[in-house]
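Chemist: Sequence positions in the sequence shown follow my numbering and run 12 to 183. Dropping a structure here in structure tokens format, bear with me for questions.
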Amino acid sequence: MNPPGGKHRASLTLHLASLTLHLAFLTLHLTVNYEGTPLTTHFVNGDSFRSHQGAGRFRNMTYTLTTVVLQNLFAYPGETEGDRDVDITDFNVMATNFDPSGNNSATNDWTTADFDEDGDVDITDFNSLATNFAPGGYGGTSAVPEPSSLVLLLLGFVSVMRVFICCKRPLV
Numbered sequence: 012m013n014p015p016g017g018k019h020r021a022s023l024t025l026h027l028a029s030l031t032l033h034l035a036f037l038t039l040h041l042t043v044n045y046e047g048t049p050l051t052t053h054f055v056n057g058d059s060f061r062s063h064q065g066a067g068r069f070r071n072m073t074y075t076l077t078t079v080v081l082q083n084l085f086a087y088p089g090e091t092e093g094d095r096d097v098d099i100t101d102f103n104v105m106a107t108n109f110d111p112s113g114n115n116s117a118t119n120d121w122t123t124a125d126f127d128e129d130g131d132v133d134i135t136d137f138n139s140l141a142t143n144f145a146p147g148g149y150g151g152t153s154a155v156p157e158p159s160s161l162v163l164l165l166l167g168f169v170s171v172m173r174v175f176i177c178c179k180r181p182l183v
């Protein structure tokens, strides 16, 4: 089933290859192609699709009844799933696929924990996972002090310096 007119005005075109809808349970099953690559279902409840494009690049699609969000993610080394965290699940993927001699080099890739893409899953890949371990997620915003905090800090410093200088004057 193609959208009316074949393409939308945006640079992204989604083609639905199949659609299954069970109204009693609101179960929705979609097979979606994104720029010629099929996206596979990642969650059992059907609210997200993820596809690994290579070298830690993931394409994510999240949808509700009213919105669809498409995201391209360049994952941190250590992230095997494209879910914006490096956690115990990623460690389990690495442990399952640990291959220091590269016996499975034909199938080893980012999603099997070969983060340096040298054909093996070894201690170097483990170090990448350990360095970026962030079970609460990564890629958030960093805290920046407000200008009013800096002004208060400066006023406090000037006040302390004034008291210090006043106490050093000899009394006449």
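Glycine is no exception: its CB is placed at the ideal position from the N, C-alpha and C atoms.
1. As a quick exercise: from 61, 101, 66 and 59, pick the residue whose alpha carbon is nearest that of residue 138.
2. Figure out for me which residue from 95, 77 and 141 has the closest Cα to the Cα of residue 106.
3. Look up residue 21 in the DSSP assignment and say whether it is helix, strand or coil.
4. Which residue's Cα is closest to the Cα of residue 1: 130, 80 and 69?
5. From 83, 99, 117 and 84, pick the residue whose C-alpha is nearest to that of residue 147; which is it?
6. Can you give me the C-alpha to C-alpha distance between residue 11 and residue 171, rounded to a whole angstrom?
7. Around the Cβ of residue 12, are there at least 16 other Cβ atoms within 10 angstroms (buried) or fewer (exposed)?
8. Rounded C-beta distance between residue 97 and residue 89? I'm assuming under 8 Å.
9. Using the beta-carbon count (16 or more within 10 Å), is residue 120 buried or exposed?
10. In terms of residue numbering, what span does the alpha helix (DSSP H) encompassing residue 112 cover?
11. Check whether the Cβ atoms of residue 126 and residue 136 sit closer than 9 Å, and answer yes or no.
12. Nearest-angstrom Cα distance between residue 82 and residue 104?
13. Which same chain residues end up closer than 7 Å to residue 150 when comparing Cβ atoms and leaving out the 5 residues on each side of it in sequence?
14. Which residue comes first and which comes last in the beta strand (DSSP E) that contains residue 144?
15. Distance check for residue 167 and residue 144, CA to CA, integer angstroms please.
16. Just curious, the alpha helix (DSSP H) that residue 107 is in, first and last residue?
Modeler: So, from the listed chains and residues:
1. 101
2. 141
3. At residue 21, the pLDDT of 35 sits below 50, so the modelled position is not reliable; the number obtained from the coordinates is stated separately. DSSP places residue 21 in coil when its eight states are reduced to three.
4. Residue 1 lies beyond the stretch modelled for the chain, which goes from 12 to 183, so this question has no answer here.
5. 99
6. Here the chain has residues from 12 to 183 only, and residue 11 is not among them.
7. In this prediction, residue 12 scores a pLDDT of 42, lower than 50, which makes its location untrustworthy; no coordinate-derived value is stated.
8. 4 Å
9. buried
10. It is not in any alpha helix (DSSP H) - residue 112 carries neither H nor E in the DSSP assignment.
11. yes
12. 23 Å
13. 95
14. No beta strand (DSSP E) contains residue 144, which DSSP labels as neither H nor E.
15. 39 Å
16. 99 to 107
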